[in-house]
Structures are given as structure tokens and as C-alpha cells.
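Below is one structure, written out as C-alpha cells; comments come after it.
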Amino acid sequence: MSQALSLPERTTVLIVGAGPVGMAAALSLHHQGIRDFVVVDAILAGENTSRAMVIQAATLEALNNIGCLDGILSIGVKVQEVGLHYGSSYLLTADFSLLEGRTKFPFGLTIPQAKTEAKMLEKLTELGIKVWRPIKVVSVKPSQQAADQDCFDVRFDSGEVLKAKYVVGADGVRSVVREQAGISYKDPHGDDNHDYGNLSQLVLGDVAFTSEPRIFTQGNKLSLTLSAGNMVLLAPFPPAASPDAKRTVYRLATSVPVEFGTAPSEPTIEYLQRLIDRHGPMELSSNPAINPHPTRIDKMYFSSRYKTRSAVAESFFAPRKAGQGGGFTLLVGDAAHCHSPIGGQGMSLGIRDAISLGPVLKAHIDSSAKNSGANPDKMFEEWSATRRDRAFNVVALTKRALGIFTAQGKMWPPFLFLMFSVLRFLGGFKFVKRNVAYRLSGLAEI
Ligand SMILES: Cc1cc2nc3c(=O)[nH]c(=O)nc-3n(C[C@H](O)[C@H](O)[C@H](O)COP(=O)(O)OP(=O)(O)OC[C@H]3O[C@@H](n4cnc5c(N)ncnc54)[C@H](O)[C@@H]3O)c2cc1C
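In terms of the working numbering, the sequence shown has 24 at position 24, counting the first letter as 1, and numbering is strictly consecutive.
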């Protein structure tokens, strides 16, 4: 049932979208002392899917800075290492424990996205912040009333209109806010056909096995296994967030060989099993000729498909248009950027966009109220340029990983052997383990 009847008629800030990023934006505004804001979302309840599974150290720092980390920390599992393997041989490790001294959080936190969102919603409720839903924004136009020239008229699918001075688009990849502001969203390297070979599609499943796979996930590790142009990621669910109390549930993500065609949007157990028997690590195989301790996927709690693409908005900020009035548009999260989930960066980066926007928005509101003659829009321009830079870096990082993962399928075997021998040699050094962890943690880019 729509709650739109009691929505206020005007607000200073409207946040469109209450995914993890929209909620982080609301928490950040509240932390800055801003109280006049409204959060709306098009769907009746948050999406109950695991999607992002890891929160990086830099994002844990940002959430902690606004006092919103405790609930999330209480159910996540602290992962010390991500191991990269080729088939059954070890290549290198990102060791987050080596970040001790650089961060209060020298680990990655595994927690399914739905649980992160649930904890954020709990915090919003505790602070008395309401998410209005289901309320879908359909247009954002400069107000035509003379007295409200500095506002947008934001129209909802119910036909109602809300006036807002600032509209924060946290409305995901297909952002209406971005589209209404006329901001383009494309691959920063002009790579618009998104052809990453087998890695053009990933399929994901939250699964339990007939018997515990004897694999390197024990001891709070994640494993990423490459094999002939494919990859398989395995991450154990935190017990406090697991859909099964009796046995370990794993997030399994794997590439889809090109010859398999388009993957089903909700892959079955048989589909995933076929893929891991084909190119997964030996320890996950159901074939006794390959795996001395064969195992099979026994139950699936959730499955999905992800089509790899990268895009960054041309700007994360649209100023008031000269001669037309209206308010300011700001973009955060997937509305501003998207890229492959390899490296688990997307949600973490989006939450940092949102948290960093809080103080800038507060400073802009204060400065506009004082009317000091200075140009407050410069703050938004600088914020947008910095956040775009961060997004470019993450897009480049994920593309580099995609490049390496794809190339290993095409390499001349002796060259591949040589490359992996070098990697294995380098991977033995502490500074390499630390540097890889540092790159993944986002700490270089807060
Ligand atoms: C299958 C899959 C796997 C993924 N795996 C990972 C991973 O391993 N690691 C990682 O970091 N990321 C991963 N991601 C990406 C991650 O889920 C996103 O980066 C994250 O959800 C972005 O959050 P967001 O709040 O910006 O957008 P969303 O989560 O998309 O939320 C947008 C919200 O806006 C609302 N909305 C949309 N339009 C309107 C409108 N017109 N009016 C009002 N409300 C609106 C929607 O209902 C939604 O609630 C994955 C994504 C998918 C699909």
C-alpha cells in the first residue's frame, strides 16, 4: 500500500533509492546534523539477495566514522586472506592482516548484502529516519513556481509532487535521477561491447555441498581459482548470516564459457555443478576420478547471473541550470558507476561515495544560507571529480583483473607456466601480500 499521502510537500534533500548506498547517504546526512531530508524507494521492501559479499577496510572505516559499524561487524566474518590459485597450485595471497597499523580494520568483512542492508535499516529506524516506500520517482524538473525557483519538482508514479533543493540519486544502474539530469553513463575507455570472453557473464549461487569441500576457505580465507580462461570464487558465509544453521553455506561465483551462450537468470544446481566440474578447483569436483573426496552441490539458497559491464557517469554533480532554476543533482553508488564484481569493490565504493557526500552537502547548505558571495558549487565539483577518480581507479583495477583472468586462457602454455612461476615467486614476499591487500582494501583511496 502506498504511503505517499503523508509524504511532506517539500524537503531540503531528497534521497532517491534506499539500497545500501541510499541508506549510507541518509546515515551520513544525519551524522552531519542535517534533519530535513526524505528517503524514498520504489520497492516495498529491500531486495533480499546476497549480491555483494565483502565490505572492504576503507568502507568499514567510513561506516565507523559515522557510528554505523557495530551492527554490521557483529554478524560479519573477518577474512584475513584471499588466495589466488591456478587449478590446484597456489599463486599468491592478499593478506589483510598485514594492514595492521594502517587501519583499525585489517581484514575484509564477509557479510551478505541483504544483511548489510538490514543492519543499516535498523540503524535508520533507531535514529527515527523513515524510508518511504513503495514510491517511485518518475521525473525531476525545475519548479515552475516563482517562489521555488531553487527547487526541483520531483514527481512520483502516484502523481504526487515533492519540492527538493537537492536530489541525491542512489537509484542504481538504471538511475532515473541521472537520466533526468541528462548525465551520460558509459564505459570510460569506450569499451561499450563489454566483451570479456568467458568473464562477460558470471553466475552466482549460495550453496551447501553434500560433504564439506576440502578447500582453502578454512581459517577465514576466500579462494579464487583460475583455470584455462575461467575463474571460480568461493567464500564461506558468516554463520550469523547463513541461511542454514547446520552446515557451511558458500557463495560460489564462476565465469560462463562463451560456448555455453547466455546463462539462465536463475541458474539451477545442475547448471552450476556442470560449470564447477568443468573448470572448478579439484576439491569441488563431483568426479571421483579427479577428486579423491568428491562432493556435490546439495542445496541452493539463491542464484543469479551478472553481466559484466563498466560505466562511469560523466559527472556525479549537476548544477542548477542558468535561466531554468531548479535544484542540485548528486549521484552516488551504482547510479554513478558500475563495473565487474571481481574484487568485491562495487558496494564498498558506493557506500564511501555516500558517506563522503554528507559533509560536502552540509557545507553547501550552510554556505548557501549565509549567501557569502563565494561559489559553493565548487565544493560539489571537487567532490564529483574526486569520486569519479576513485571510480576510474576501481574500473581500471577490475579491468586489469579481467584482462589477466581472460588472457590466461589464451596463453602459450610455456609462457603461462613462466608467468605463474614469477607470480608464485613474488607471492612469497610479505610486501607483495601487503600491497595486493592494500589495493583491494580501498585504503589508498579514501
Ligand atoms: C548479481 C549481483 C552480484 C553482485 N555482486 C557484488 C559483489 O560481489 N561485490 C560488490 O561489491 N558488489 C556486487 N554487486 C553490486 C552491488 O550489489 C551494487 O554495487 C550495490 O547494490 C549498489 O548499491 P546502490 O544502493 O547504489 O544500488 P541498488 O542496490 O541497485 O539500490 C538502488 C535502489 O534504488 C531504488 N530505485 C531505483 N529506481 C528508483 C526510482 N525511480 N525511484 C525510487 N527508488 C528507486 C531501487 O528499488 C533500489 O532499492 C552485485 C550485483 C549483482 C546484481
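No residue lacks a Cβ here, since even glycine has one placed at the ideal position from N, Cα and C.
In the three-state reduction of the DSSP assignment, L44 falls in the coil class. The three-state secondary structure of N230, taken from DSSP, is strand. A distance criterion of 6 Å places the beta-carbon of M347 in contact range of ligand 1, judged by its closest non-hydrogen atom. Assigned with DSSP and collapsed to three states, H30 falls in helix. A Cβ-Cβ distance of about 27 Å is found for the pair L443 and Y196, leaving them out of contact under the 8 Å criterion. The closest heavy atom of ligand 1 lies less than 6 Å from the beta carbon of A42. Only buried fits K123, as 16 or more other CB atoms lie within 10 angstroms of its CB. Distance from the CA atom of F417 to the CA atom of N435, rounded to whole angstroms, is 23 Å. By the C-beta density criterion, I290 is exposed, having fewer than 16 other C-beta atoms within 10 angstroms. Cβ neighbours of K399 within its own chain (closer than 7 Å, five residues either side excluded): S310.
At a cut-off of 6 Å, the beta-carbon of M419 does not count as near ligand 1: no heavy atom of the ligand is closer than that. For H85, there is no enclosing alpha helix (DSSP H); the enclosing beta strand (DSSP E) has its first and last residue at E81 to Y86. Going by C-alpha positions, T12 is about 14 Å away from S367. Rounded to whole angstroms, L29 and L69 show a C-alpha spacing of 16 Å. If you draw a straight line from the Cα of M120 to the Cα of G427, it is about 37 Å long. Ranked by how close their Cα comes to the Cα of N375, the residues S89, A385, H364 and S384 have H364 in first place.
In the three-state scheme derived from DSSP, where H, G and I count as helix and E and B as strand, D70 is classed as helix. In the three-state DSSP reduction, S175 falls in the coil class, being neither helix nor strand.
Judged by DSSP secondary structure, R390 falls within the alpha helix (DSSP H) whose first and last residues are D377 to A407. Annotated as distal: L275 and L252, with beta-carbon spacing of 7 Å or more. Annotation for G172 indicates a beta carbon within 6 Å of some heavy atom of ligand 1. R35 counts as exposed, since fewer than 16 other C-beta atoms from the protein chains shown sit within 10 angstroms of its C-beta.
Fewer than three Cβ pairs drawn from the stretch 87 to 104 and the stretch 342 to 349 lie within less than 8 Å of each other, which leaves the two stretches out of contact. Remark: C-beta atoms of I135 and V256 do not approach each other more closely than 7 Å. Following the DSSP letters along the chain, one finds S139 inside the beta strand (DSSP E) bounded by residues V137 to P142. Exposed is the label assigned to E259, since fewer than 16 other Cβ atoms lie within 10 Å of its Cβ. Relative to ligand 1, even the nearest heavy atom lies 6 Å or more away from the CB of K433.
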